[in-house]
Amino acid sequence: MPGAMIDPDPPTADIASTAGATDNATAAAIREAIRRTWGHAELLPLQGEAIAAGLAGRDSLVVMPTGGGKSLCYQVPPLIAGRTDVVVSPLIALMKDQVDGLVANGYPAAALHSLMPPHEQMEVEARLRAGALRLVFVAPERLVTPGFLRLAEQLPVGAFAIDEAHCISQWGHDFRPEYRQLAQLKQRFPHASVHAFTATATERVRDDIVEQLGLARPLVLVGRFDRPNLTYRIQPRLNLTTQILDVLDRHPGEAAIVYCLSRADTEATAAELAARGIKAAAYHAGLEGTVRERVQEAFLAERLDVVVATVAFGMGIDRSNVRVVIHAAVPKSIEHYQQETGRAGRDGLPAECVLFYSAADVIRWQSLLERSAAEGDAPPEALKGQLEALAGMQRLCNAVTCRHAALVQHFGQAYEGADSTAATGSGCGACDVCLGEVRLLADGTTVAQKVLSAVARAAGPAERRFGVGHIVAILAGAETEGIRRWGHTALSTYGLLAHLPRKALTHLVYQLIDQGLLEQTGGDRPVVALNEASWAVLRGQRQVQLLEPAVRHTERAAGDAASWEGVDRGLFEHLRAVRAEIAQARSIPAYIVFGDATLRDMARIRPASPRSFLVVRGVGEKKLADLGPRFLEEVAQYCAAHGLARDVGIDGHGPARGAPSAPRTADGPAGAPGPPARRPNPARDAAFDLFAAGTPIPEVAAAVERAESTAWTYLSDFVVERRPETIGAWVDDASRARVAEVFARTGKRDLRTVFDELDGEVSYDVLRVVRAHIEAGKPTED
């Protein structure tokens, strides 16, 4: 790239060495800013260089994967420099979430958008003129209005940060014409630097971004495209609803996004999931704005677990703890796939991405792209590029190589993970191929010859052509009306593969189409026909590899277990409930209170003081002052009730960070027999004696000099350990019956699901006790 500088990804994120800072004072200022405001002890790779470019006023293009920390790169410079910068963001929802998160950290930021009432817009403009804001977020179409340009010229603006910068490139996967107007920024504001940020951009797109924005000798930073915390799986689509449910069952009560190709598909899939007791809703552009807003708000507030959406949803979602992304259909490019799966695991914790593949999706996309190009009078090269991108996605689905390696190599990078070229059960350890869940048919060539023979014999001398369904019916030995009408029961290939399920046969036929060994015409009623490659296979001149899903059970990747090391899961779930309560009271998304990664660290360290609370990842000074007292109290009560040590890994207490203890489970530490050892707890022991006599909660709390919430925790432990026949002394029959019914009906065990089912009318304390009683194997006392 002429005039551009591409810096390699540094091996570590040491601020002093990688920030590109001109002096130690700058490095110290960056370190202090991220500690005080965001609670970070260190930078991620390339953040230092990007921040330094912002402070130095040098144009830049920063390409980092989702979760790589792009936002910090444009948030830190104005905070340190004490200036006002403008962030261009394409979606109002994304602006609002970012502003809410910054304000929660004590950062002076605001947004200007069309949904704000006039008086709020005037207030933001007044704060801008007064120099009270460090960042203001605007949409590209608003930025270039005469009114905003005049306002910006009065500030003055130190820098412009262009988020989702790939939208400016016609070669990008989400081209938006309004982004082209941003080209005037360099001429209109010659003293302001311009910084482009994107998660996904090939070299061609990067070149186009630099050219379109007119960046002057920009620093170009390209991070690693690999997301090692994601586990990728690509599976044939056989029974979609069942397959989606299987994935969600591995992540009960966790956040998931299901991407569908059409609006109708989103609504049908959401209805299927909701009918099975999953908190799911559809989201697409055809819904009324108020409905979309309610769905998104419920998802961010963690009242909704699953959103079934068209791809537009992913751009506006900023929930960091999405644990699952499911594609119910094939995306139209690897760039789209990378961007959409990138919504998972943004907190750095393990997440799973599953794509259910059918070659029929490719045919459908081809038809849609060709029709769209014809209606929009698009240039031939644009359609050609889109079809090439679709073919690349098709190849990824059919490859038997490490998914992580295939993705990073597509973006022109060498894969730096473990060697993994086949389904050997080794390699990256975080994709279906390397986990040994995908394997080749032992007799792929023979099976292919049987399929192709069925096509040839059905065609006959008249060279008739039939659809995939008809060929599958022949091979399966089905007696359909079409089979009888054409006399195909007499074919030698009739029933030749009847031992295979129809869905599996369909997948095999489409694999041959994907590999170019069988032709399929487009149109409303596509048919198949042999080609030269087909005859080469039939003559034994070409070998064929066909995939089949392995029989082994799909498990979570090893990285998921490692992420829980040292975390008390019971405390984590308790802190999640506290977070939900605070978020609901403040009408903000739950992740803005604290992300899952922060709660896990809190449940691992179990801080005992404000000083140790600041050690928790993601806790800055503003959140210490705002939320520290409540969370410290909750941690203290829980640890007292369960005999847990606190300040683990701090000042020599327990295992150090980075060397956590074995995970605490219901059966004790992994690999150790019996329950975890407890420290003596006289208050808890005294409470147990009182519970054995049926003493009410208020009296127990007073007797042992503990809060009632702690007494309820003691009661849950009492029910688990002593297994009383009845809990009627503490939970009235009506409440117990309601709770037990929901547990039985939903099959869920996470308290938040049941709490929501009961409209919040039964406290978490009661829910815990009833759940403990059920899990102790006691009857529901009906």
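Using this note's numbering, the letters of the sequence shown correspond one by one to residues 173 to 954.
Glycine is no exception: its CB is placed at the ideal position from the N, C-alpha and C atoms.
Just so you know, these numbers come straight off a predicted model, no measurement behind them.
Taken atom to atom, the span from the alpha-carbon of P349 to that of A337 is near 12 Å. Look at the beta carbons and you see the region 359-372 touching the region 244-260: at least three pairs across the two are nearer than 8 Å.
In the assembly as shown, R515 is a buried residue. Its beta-carbon has 16 or more other beta-carbons within 10 Å. In this structure the region 352-368 does not lie against the region 278-294, because fewer than three pairs of beta carbons, one per stretch, are closer than 8 Å. Shown here, Q717 sits in coil according to DSSP, grouped into three states, outside any helix or strand.
Inclusion of S261 and L393 in the CB contact set at 8 Å is not warranted, their separation being larger than that value.
C-alpha of Q326 to C-alpha of E297: approximately 11 Å in a straight line. Assignment of beta strand (DSSP E) within the region 638-664, counting only whole runs of 3 or more residues, yields no such run.
In this structure, V480 sits near T438, with a CB-CB distance shorter than 8 Å. Cβ-Cβ distances below 6 Å link A531 to Y682, I685 and D686 in the same chain, with the five nearest sequence neighbours on each side left out; the list follows chain order. Runs of the beta strand (DSSP E) lying entirely within the region 604-633 and spanning at least 3 residues, in chain order: 610-612. Here H582 has I506 as same chain residues with Cβ atoms under 6 Å from its own Cβ, once five neighbours each way along the sequence are excluded. Here DSSP, grouped into helix, strand and coil, assigns S492 to coil. Excluding residues up to 5 positions away in sequence, G584 lie with their Cβ nearer than 7 Å to the Cβ of E375 in the same chain.
Residue L521 holds the alpha-carbon nearest to the alpha-carbon of T238 among T256, G649 and L521. Assigned with DSSP and collapsed to three states, C811 falls in helix. A Cβ-Cβ contact shorter than 8 Å links E512 with Y431. Following the DSSP letters along the chain, one finds Q511 inside the alpha helix (DSSP H) bounded by residues I506 to T513. In the three-state reduction of the DSSP assignment, S544 falls in the helix class, which pools H, G and I.
For the alpha helix (DSSP H) assignment, the uninterrupted runs of no fewer than 4 residues enclosed by the region 868-947 are, from N- to C-terminal side, 869-876, 880-894, 905-918, 923-929 and 936-947.
In the displayed model, S365 falls within a strand according to three-state DSSP.
Straight across, the Cα-Cα distance linking A628 with L559 is about 29 Å. Burial of R518 is indicated by the presence of at least 16 other C-beta atoms within 10 angstroms of its C-beta. When the Cα atoms are used, S286 and A311 turn out to be separated by approximately 9 Å.
The three-state reading of DSSP puts T693 in coil, since its state is none of H, G, I, E or B.
Within a 10 Å sphere around the beta-carbon of G632 sit fewer than 16 other beta-carbons, which makes this residue exposed.
Counting other Cβ atoms within 10 Å of its Cβ, G226 reaches 16 or more and is therefore classed as buried. Annotated three-state conformation of P249 is helix, per DSSP.
Here the region 604-612 does not lie against the region 650-659, with fewer than 3 beta-carbon pairs under 8 Å apart.
Cβ-Cβ distances below 7 Å link H660 to A630, I646 and Y666 in the same chain, with the five nearest sequence neighbours on each side left out; the list follows chain order.
Taking 8 Å as the cut-off, the beta carbon of P249 is found closer than this to the beta carbon of A331. If you check the CB distance, L887 and W902 come in under 8 Å. Contact between the region 766-784 and the region 270-286 is not established, with fewer than three Cβ pairs separated by less than 8 Å. The Cβ atoms of L527 and H508 lie no closer than 8 Å to each other. Relative to the Cα of L266, the nearest Cα in the group F309, A620 and R943 belongs to F309. If you check the CB distance, P779 and V765 do not come in under 8 Å.
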